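Visitor: Questions regarding the structure given below will be posed in turn.
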Amino acid sequence: MLFKSAALFNWAVGLILVFAYNPLFKLLDMPPVESPLFLHLFALLVLMFGLGYYWISLDPAGERSLILLGCIAKGLVFLTFVAYFYFGQLSWRFLALVTGDLA
893 MLFKSAALFN WAVGLILVFA YNPLFKLLDM PPVESPLFLH LFALLVLMFG
943 LGYYWISLDP AGERSLILLG CIAKGLVFLT FVAYFYFGQL SWRFLALVTG
993 DLA
């Protein structure tokens, strides 16, 4: 159930970043996006990781390498957002949202 929840979370975030990023950014005190290309590319990666988490949920024992990849990716994404927060480039609200992804 953990990996299915992670898949659903990633799919929800990915779809929001593709189709509704402006309202999300306003809510999180983020500046408007001038060109959404890299945001959309990031969103596609988030969606694909959701697919990976779904595949893991089907056979956790057989997908150990995907589990490791997911753990490393989650940690690196979190550390990147912490660095941006530390240097004043990211709101605490956005950091709080990303922290929820560590579960």
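Each residue of the sequence shown is one higher than the last, beginning at 893 in the numbering used here. The beta-carbon is built from N, C-alpha and C at its ideal position, and this holds for glycine as well. Keep in mind that this is a model prediction, so the values were computed, not measured.
Mapping the DSSP letters down to three states, classify V905 as helix, strand or coil.
Guide: DSSP places V905 in helix when its eight states are reduced to three.
Visitor: Is DSSP giving A912 helix, strand or coil here?
Guide: Reduced to three states, the DSSP call for A912 is coil.
Visitor: By DSSP, does V925 sit in helix, in strand, or in coil?
Guide: Three-state DSSP puts V925 in coil, outside helix and strand.
Visitor: Give the range of the alpha helix (DSSP H) segment to which F973 is assigned.
Guide: That run of the alpha helix (DSSP H) goes 956-978.
Visitor: Taking just the CA atoms, how far does L987 sit from F977?
Guide: Approximately 7 Å between the Cα atoms of the pair.
Visitor: Buried or exposed for A912, please, with buried defined as at least 16 other CB atoms from any protein chain shown within 10 angstroms of its CB.
Guide: It is exposed - the Cβ of A912 has fewer than 16 other Cβ atoms within 10 Å.
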